[in-house]
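Chains as they are written, first to last, in my numbering: chain A, 5 to 366; chain B, 5 to 366.
A virtual CB, placed ideally from N, CA and C, is assigned to each residue, including glycine.
Protein chains: 2
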Amino acid sequence: MAEMTELTERQEKILNVIIRNYLETGEPVGSRTISKNSDLNLSSATIRNEMSDLEELGYILQPHTSAGRIPSDKGYRFYVDHLMEQKDQEINEVKEMVVERTDQMEKMLKQVVKVLANSTQYATMISAPAVRGIRVRFVQLSAVNDHELLSVVVMDGNVVRNRIIKLEQSLSNEDILKLNMLLNTNLSGLTVNDINLALIQKMRQNAGSYSGIIAEVLENIAGTIESDEEREIYTSGATNIFKYPELSDSEKASHLISAFEDKGELKDLIEDIESDEDGNPNGIKVYIGNDIPSMQDCSVVTAKYDLGDGFKGTIGILGPKRMDYENVMRQLKQLKSQLGDIVHSSELPGTSSVKGIGKKEL
Amino acid sequence: MAEMTELTERQEKILNVIIRNYLETGEPVGSRTISKNSDLNLSSATIRNEMSDLEELGYILQPHTSAGRIPSDKGYRFYVDHLMEQKDQEINEVKEMVVERTDQMEKMLKQVVKVLANSTQYATMISAPAVRGIRVRFVQLSAVNDHELLSVVVMDGNVVRNRIIKLEQSLSNEDILKLNMLLNTNLSGLTVNDINLALIQKMRQNAGSYSGIIAEVLENIAGTIESDEEREIYTSGATNIFKYPELSDSEKASHLISAFEDKGELKDLIEDIESDEDGNPNGIKVYIGNDIPSMQDCSVVTAKYDLGDGFKGTIGILGPKRMDYENVMRQLKQLKSQLGDIVHSSELPGTSSVKGIGKKEL
DNA sequence: TGTTAGCACTCCTAACATTTGAGTGCTAAC
DNA sequence: GTTAGCACTCAAATGTTAGGAGTGCTAACA
Chain A
5 MAEMTELTER QEKILNVIIR NYLETGEPVG SRTISKNSDL NLSSATIRNE
55 MSDLEELGYI LQPHTSAGRI PSDKGYRFYV DHLMEQKDQE INEVKEMVVE
105 RTDQMEKMLK QVVKVLANST QYATMISAPA VRGIRVRFVQ LSAVNDHELL
155 SVVVMDGNVV RNRIIKLEQS LSNEDILKLN MLLNTNLSGL TVNDINLALI
205 QKMRQNAGSY SGIIAEVLEN IAGTIESDEE REIYTSGATN IFKYPELSDS
255 EKASHLISAF EDKGELKDLI EDIESDEDGN PNGIKVYIGN DIPSMQDCSV
305 VTAKYDLGDG FKGTIGILGP KRMDYENVMR QLKQLKSQLG DIVHSSELPG
355 TSSVKGIGKK EL
Chain B
5 MAEMTELTER QEKILNVIIR NYLETGEPVG SRTISKNSDL NLSSATIRNE
55 MSDLEELGYI LQPHTSAGRI PSDKGYRFYV DHLMEQKDQE INEVKEMVVE
105 RTDQMEKMLK QVVKVLANST QYATMISAPA VRGIRVRFVQ LSAVNDHELL
155 SVVVMDGNVV RNRIIKLEQS LSNEDILKLN MLLNTNLSGL TVNDINLALI
205 QKMRQNAGSY SGIIAEVLEN IAGTIESDEE REIYTSGATN IFKYPELSDS
255 EKASHLISAF EDKGELKDLI EDIESDEDGN PNGIKVYIGN DIPSMQDCSV
305 VTAKYDLGDG FKGTIGILGP KRMDYENVMR QLKQLKSQLG DIVHSSELPG
355 TSSVKGIGKK EL
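Written as structure tokens, this is what we have:
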């Protein structure tokens, strides 16, 4: 960490003006502009001296010899961490953005990214909660025909998974009834993580004549729950990157859009982010430029969400380095509280509405 | 239709050379090039005369006064319909594209587009079969708790849909058992299309004391089957369009990628295509440029697939107008036969789990 | 000592001019 | 009917120039 004295107050002010100006215009900003646009009455010459120092300290840089200055990654970082105003109180004035009522988790997530992409004009992503941590509420086996068994698992939040299990031997209706009893009494309230070898052993002992089949079925049920697409990621607004010239040349655009298309890279990214433990007050983090090696020209703002009952995930917003951090962070913060409301208002996530996700102009 | 005599044999040859050359290079092709690259021994001057005629007839055009010629939409059309060689016999030599065996419809489709995008280097899409036409094999209601009923429907190809139904009154286990019997005897073998008012009436009459609830449940089951995402479309390789300079300027790329991102436009497109009845021998069609108004700079090659049991859909490949029609059409033809094989070899497309997320009434 | 005005210098950008070359159309001769 | 030759066109590449925004440095000033 830099010591508090690294920058004088005046330097901070100048840096602030530079960054704010650059966020707006996207053009390098020169000493004269600052001299005019700032309330500190200084001549351009003085500003130049300070800028020279700021450059030496690594907060700003010159694209070429006779251009104005633009913020460096370090500059952005300082801005986000110290300079940026957090005007939480204004949230309520903000234009309402409505997430329609929906009754389905997956659908809600898709809607959230869409709304967010729309209101921020950046590319957005959201990771679906890992099913592993969600509790089983109800299990049901039923015979589709002689050698096929349908297993359905209902979990918290009415997340339902199902699979068809192929059997060697056929089971009588009575058998199935008993199996269902056995499964429900033993599995209700557990998560996938809890379905381990010890449990299977214990159940086999209680299973009597079903001991043989119980292991197979349990394994299948664990598989049923995890499905295959564990940790789906939903994205939206990938094409927003075309709005920012610094990202829309073929090379970069192609790479970014690819990442949003096949999601493998995003998955890794989100995993990294989630493992990145850090006692951040509201779970919002900002990655600037080289913080994420594969996306050097971008910044990513992320927030973790937690709807209770094990429904946890991460939201990410990707834009150019000169993205409007203030606005984005404000919107994320608001979204988080709104998502929290859902849980409180309807007892179960995925059962109700999100309303009034804020949006605001500069 | 143009009369057969519109083009002389020589003109056809020249047109052929122009198009082939342009497909390869993407550059306008001039008279000298043709004179050298063709087996007909003619001077560039002669070629020029012929080209002048071809231009007048609308088969080729000049980007600007002193450039070579490029094919017009009409030219491409003529090429695809008459000039292009259909070397079916070579199919076997073609590099095999492997679609891994998979037991899940959805997964298979995703894989197919991916493989196809990879092997053609164009953007690809595939429409999932409409569930409406698939037959119900098995229905199962079960009580999750006092006021929630889980309905699961298994259809041909082991496509599974489910939904949580909210009830006012609670049902005894016996009730549910009887309801299940009733539903299965009446619905097995039907498609969603068959679940209409007449059927509901008939079932109510047979339902005795359940008459009240049967309509509600049936309606929900119809809804269950259709889910919400009817006619999902899977896409892949959208970023391939960056490989073709004529499509990769911000404007066009942005539009195309958007179309592939939110799919609404593609859905309309595929609907148009599917309604486009035309006794084409193998169901492969080529849309060039203005044939699809919203995609003037592209061509789209489409093929219908039919896996039996009502599993029908459309595959589409989108590329620049100068796409390699020959190769694309060959690959589509091959894919079609391969898809047929999958069906035969495993009896049913999709033999195992389909995931779903529970749904609740508003 | 910090601030400022002035000035020379750099270097990007836009505009304009020039050159080059591929390609054409036309004409006259074979 | 075919071809060689020639004048012409025009896009793209290259070169040139002027303008301007911005800088660093220095000397003067409060």
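Those residues which DSSP pairs with residue i across a bridge
i: residue 154 of chain B; result: B:146, B:168
i: residue 2 of chain B; result: This structure cannot speak to residue 2 of chain B, because chain B is shown only from 5 to 366.
i: residue 133 of chain B; result: Per DSSP, none; premise fails for residue 133 of chain B.
i: residue 73 of chain A; result: A:33
i: residue 290 of chain B; result: B:305
i: residue 50 of chain A; result: Its beta-bridge partners do not exist; DSSP assigns none.
i: residue 64 of chain B; result: B:75
i: residue 195 of chain B; result: B:139
i: residue 43 of chain A; result: According to DSSP, residue 43 of chain A bridges with nothing at all.
i: residue 128 of chain B; result: B:240, B:321
i: residue 310 of chain B; result: B:316
Closer than 8 Å at the beta carbon, the chain B residues around residue i
i: residue 154 of chain A; result: 142, 144, 156, 158, 164
i: residue 1 of chain A; result: Shown here, chain A extends from 5 to 366; a query on residue 1 of chain A therefore has no answer.
Cβ neighbours of residue i in the same chain (closer than 7 Å, five flanking residues each side left out)
i: residue 317 of chain B; result: 130, 131, 132, 133, 309
i: residue 5 of chain B; result: At residue 5 of chain B, the pLDDT of 47 sits below 50, so the modelled position is not reliable; the number obtained from the coordinates is stated separately. So no residue of the chain qualifies.
i: residue 74 of chain A; result: 26, 32, 64, 65, 67
i: residue 295 of chain B; result: none
i: residue 275 of chain B; result: none
Partners in chain B for residue i, counting only beta-carbon separations shorter than 7 Å
i: residue 243 of chain A; result: 258, 261, 262, 265
i: residue 148 of chain A; result: 141, 142, 158
Contacting residues, own chain, Cβ-Cβ under 6 Å from residue i (five flanking each side not counted)
i: residue 79 of chain B; result: 63, 64
i: residue 145 of chain B; result: 153, 155, 180, 183, 184
i: residue 71 of chain A; result: 32
i: residue 314 of chain B; result: 137, 138
i: residue 143 of chain A; result: 157, 187, 188, 191
i: residue 292 of chain A; result: 77, 80, 81, 303
i: residue 1 of chain A; result: For residue 1 of chain A there is no data in the structure shown, the boundaries of chain A being 5 and 366.
i: residue 101 of chain B; result: Low confidence applies to residue 101 of chain B: its pLDDT is 49, below 50, so where it sits in the model is not reliable, and the reading given next is rough at best. Closer than 6 Å at the Cβ level, and outside the excluded window around residue 101 of chain B, lie 119, 123.
i: residue 236 of chain B; result: 132
Contacts that residue i makes with chain A (C-beta to C-beta distance below 7 Å)
i: residue 22 of chain B; result: In chain order: nothing, as chain A lies at least about 28 Å away.
Boundaries (first-last residue) of the alpha helix (DSSP H) holding residue i
i: residue 123 of chain B; result: 109 to 124
i: residue 262 of chain B; result: 254 to 266
i: residue 218 of chain A; result: 215 to 230
i: residue 201 of chain B; result: 201 to 211
Listed by chain order, chain A residues near residue i by CB distance under 8 Å
i: residue 168 of chain B; result: 158, 162, 164
i: residue 315 of chain B; result: Correct list: empty, because the minimum Cβ distance to chain A is about 17 Å.
Residue span of the beta strand (DSSP E) that contains residue i, given as start and end
i: residue 317 of chain B; result: 316 to 324
i: residue 237 of chain A; result: 237 to 240
Interface partners of residue i on chain A, CB under 9 Å
i: residue 252 of chain B; result: 254, 257, 258
Sequence-distant residues of its chain with Cβ nearer than 8 Å to residue i (five each side left out)
i: residue 207 of chain B; result: 186, 190, 218, 222
i: residue 261 of chain A; result: 242, 243, 245
i: residue 83 of chain A; result: 19, 20, 23, 75, 329
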